Structures are given as structure tokens and as C-alpha cells.
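Written below as C-alpha cells is the structure these notes are about.
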Ligand SMILES: [Zn+2]
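Residue numbers (our numbering): 17 to 213.
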């Protein structure tokens, strides 16, 4: 079953995974939106539904394995792999470098679909694509639940077919240039409840 934009937004809001207001992100930047996909994915039925939707959209790429960056991409990668009927493996950091560990392997015959939860700048997806290529595999596409890049086109520059279930531009601002601060709205840390003003 296709997930409409409204149904996806509703799913995120109901799970508390999408907060709208005025937030100070861990980077120190301010944003009118805060996204924590783990709060949706903590419900296995939701994770399965999102995995099914990504699998339906990426089926034509004929991936033979799903590769995700840990930790954020692991749960959704597993669900996409299950729906496609292929392996789901993950890359993780060691000494700052993303790599395959735990005996996970890729070969030249592998067609890799890179899956993560939220695409912000595309940096993490690009790095994961490099892990697959370094192992000799072919990257046939990339996917995410949400593309939250400011342009909503964050996947366009990846150089492979990209699919996000939901594009949602969530701008970030330097605190001294934040229009929400300029309006005098109080800023909250993600995880705490937004302050109604
Ligand atoms: Zn602000």
C-alpha cells in the first residue's frame, strides 16, 4: 500500500518523531523542525510499513543486498532487505572510518542499495556508497525515509537513483541569524516538549 505524504507526516507526528517549533540542534544550529526517526521505527509495525514502501519504490533496481550506515540506518535497512528478500548488512565506524565489520562481505556480483533513515546533507549516504565500491560492489541506488535537506533535493547529487518516501525541507540557522529568535520565540532542546507561545 502506498504511503501518502499526509499519512507519513501523521505517522511521524503521532510517534513524536516530528516536532515543529524552535529547536537548538546538537550541532548548535537552530531549526523550526526536529526529526527523530527512531521514535517511529521503535514500533516494528511502522518500521515494516516504511520498509515495504521503500522496497516497492526501489524494486526495479534489482538490488541483491541492502547496506546501511549504523546506527540510524540499521532498522530501516533490515526492513527493506526483508521486503526485497535480500541480505541487509551495515557499515559502522572504526577510528572515524565507516567500514564493513563482523564478517560482512560484498563482492563484484553484488548490486547494493544504500538505505538510511534520514538524509540531511547526503554525506553519510555518500560515505556508505564508498564502502560498497571499495569492496568492489556496484551501487545501484540509494533511499531514505526522509530527505530533510534544505532543498528537499538532497539525493539529486548522489549520482545514483535516489528515493525518499518524504521530502521535507527543514532549514537550519546560525543562532545569530535565526528568524525564530528574531521573533522572540523561546528555543527548546530536542527531546523536551516544545513551549507553546
Ligand atoms: Zn533561534
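Think of the CB as a built atom: it goes at the ideal place given N, C-alpha and C, for glycine as much as any other residue. Computed from a predicted structure; not experimentally measured.
Distance cut-off 7 Å: residue i Cβ against heavy atoms of ligand 1
i: residue 50; result: no
i: residue 191; result: yes
i: residue 35; result: no
i: residue 203; result: yes
i: residue 196; result: yes
i: residue 46; result: yes
i: residue 38; result: yes
Cut-off 7 Å between Cβ atoms - residues of its own chain near residue i, not counting five sequence neighbours on either side
i: residue 94; result: 104
i: residue 102; result: 79, 80, 81, 82
i: residue 27; result: 56, 62
i: residue 153; result: 122, 123, 124, 126, 128
Per DSSP, the bridge partner or partners of residue i
i: residue 105; result: 83
i: residue 203; result: DSSP output for residue 203 lists no bridge partner at all.
i: residue 135; result: 163
i: residue 40; result: 46
i: residue 152; result: DSSP output for residue 152 lists no bridge partner at all.
Close beta carbons around residue i, own chain, < 6 Å, minus the five adjacent residues each side
i: residue 197; result: none
i: residue 69; result: 19, 181
i: residue 210; result: Since pLDDT at residue 210 reaches only 48, below the 50 mark, its modelled position is unreliable, and the value read off the structure follows with that caveat. So the qualifying residues of the chain are 35, 37, 204.
i: residue 99; result: 67, 68, 71
i: residue 57; result: 63, 91
i: residue 159; result: 70, 74, 131, 179
i: residue 145; result: 130, 155
Rounded distance between the beta-carbons of residue j and residue i, thought under 8 Å
i: residue 42; j: residue 162; result: Not quite, the Cβ-Cβ distance comes to about 17 Å (not below 8 Å), so this is no contact.
i: residue 206; j: residue 46; result: Residue 206 to residue 46, Cβ: 11 Å. No contact.
i: residue 147; j: residue 116; result: 6 Å
i: residue 119; j: residue 170; result: The pair is not a contact, with the Cβ atoms about 32 Å apart (cut-off 8 Å).
i: residue 10; j: residue 51; result: Lying before the first or after the last residue shown, residue 10 is absent from the chain, which here runs from 17 to 213.
i: residue 141; j: residue 114; result: Rounded, the Cβ-Cβ distance is 11 Å, inconsistent with contact.
Spatial neighbours of residue i in its chain, beta-carbon cut-off 8 Å, leaving aside the 5 residues before and after
i: residue 213; result: Below a pLDDT of 50, predicted positions are generally treated as unreliable, and residue 213, at 41, falls in that range; the measurement from the model is reported next regardless. 201, 202.
i: residue 157; result: 74, 77, 79, 129, 130, 176, 177, 178, 179
i: residue 21; result: 182
i: residue 110; result: 117
i: residue 31; result: 55, 56, 58, 59, 62
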